[in-house]
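The listed protein sequences correspond, in order, to chains A and B. With the working numbering applied, the first sequence closes on residue 115, and no number is skipped along the way. With the working numbering applied, the second sequence closes on residue 175, and no number is skipped along the way. Each residue gets a CB set at the ideal place from its N, CA and C atoms; glycine is no exception. Notes to accompany the following structure.
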Amino acid sequence: DSGVTQTPKHLITATGQRVTLRCSPRSGDLSVYWYQQSLDQGLQFLIQYYNGEERAKGNILERFSAQQFPDLHSELNLSSLELGDSALYFCASGTGDNQPQHFGDGTRLSIL
Amino acid sequence: DAKTTQPNSMESNEEEPVHLPCNHSTISGTDYIHWYRQLPSQGPEYVIHGLTSNVNNRMASLAIAEDRKSSTLILHRATLRDAAVYYCVGGTSYGKLTFGQGTILTVHP
C-alpha cells in the first residue's frame, strides 16, 4: 500500500462528457503529480502541484485541468472527452524534487 | 528531458541475480536516475534512485557509470514476485519523471 488513494477506480462515460478524478496523497507529502498511461503513449507526465501551487506542466491537453486544495488532495478534471482519452490515470505524491514518488493504483477511464 | 533506452525484455531464473541495463546519454548533470517497477493492474512502485554513486537499499542496488551515461539495476536474488515492467527514469525536473518503454522481466521458477 503506497498510501496514495485514488477514486474512483473505474469510470465509464461517453464522448463529450466531463469527469473528475480525485487523489489523496500520502500523509506529509506536499507534491502531487498526475500521469496518463495508454498503450500507445506509455506513462506520460501531465502536471505537478506543490502545496497548492502548479509547479510543472507536461503534455497536458487544454481540455484537462487540475488543482490542489488546502488539505493537499488533488483533482484532475477532464472535459469534452474523446475516445483517445481512454487510459489509466495515475496520481503520485512525494516530498520534493528528486525524491521517490509514491503512486496510487490509478483510475481506469473508458470512453464509449 | 533525458531519454532512456532499455531492452524490451529480459528473463531470469528464480534466486539468481538480475542485471537490468539502461542507457541515458542525454541526462543532465543534476538529474537523478530513478528506477520504478510496475506490476499488472498496479501503479508504478519506487525501487531506487541515485545521482553519481552506487546505491543500495533493501530492494536492489543501482550501479551508475562514471560518465553517468548508463546505469544498471541489480536484483540480487530474483523471486517470482519480481516479475514486472522495470522503468529506468531519467531527467527529472521539478520532480517530473520521464518514463521510457521499460523492460519486461520474466522470472522462471
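Counting of Cβ neighbours within 10 angstroms places glycine 95 of chain B among the exposed residues, the total staying below 16.
Taking 8 Å as the CB threshold, glutamine 72 of chain B stays off the interface with chain A. For lysine 162 of chain B, the enclosing beta strand (DSSP E) stretches over residues 162-165. In the three-state DSSP reduction, glycine 156 of chain B falls in the strand class (E or B). Within the segment 113-156 of chain B, the complete beta strand (DSSP E) segments of 3 residues or longer fall at 127-130 and 136-141, listed in chain order.
Taking C-alpha positions only, leucine 84 of chain A is separated from aspartate 133 of chain B by approximately 45 Å.
Look at glutamine 39 of chain A: its C-beta is not under 8 Å from any C-beta on chain B. Of all residues in the segment 54-71 of chain A, only Arg58, Ala59 and Gly61 come within less than 8 Å of chain B when Cβ atoms are compared, listed by chain position.
Inter-residue distance for glutamine 51 of chain A and leucine 141 of chain B is about 31 Å (C-alpha atoms, whole angstroms). Chain B has no Cβ within less than 8 Å of the Cβ of aspartate 4 of chain A.
Residue contact check for threonine 158 of chain B against chain A: a CB pair falls below 8 Å.
Taking 7 Å as the cut-off between beta carbons, the residues of the segment 20-36 of chain A near chain B are Ser34 and Tyr36, in sequence order. Put simply, the CB of leucine 75 of chain A is far from chain B, with every gap to its CB atoms at 8 Å or more. With its beta carbon less than 8 Å from one in chain A, leucine 163 of chain B belongs to the interface. Here glutamate 65 of chain A is not bridged, per DSSP, to any residue.
By DSSP's assignment, isoleucine 99 of chain B forms a beta bridge with B/Gly116.
For lysine 60 of chain A, the enclosing beta strand (DSSP E) stretches over residues 56-60.
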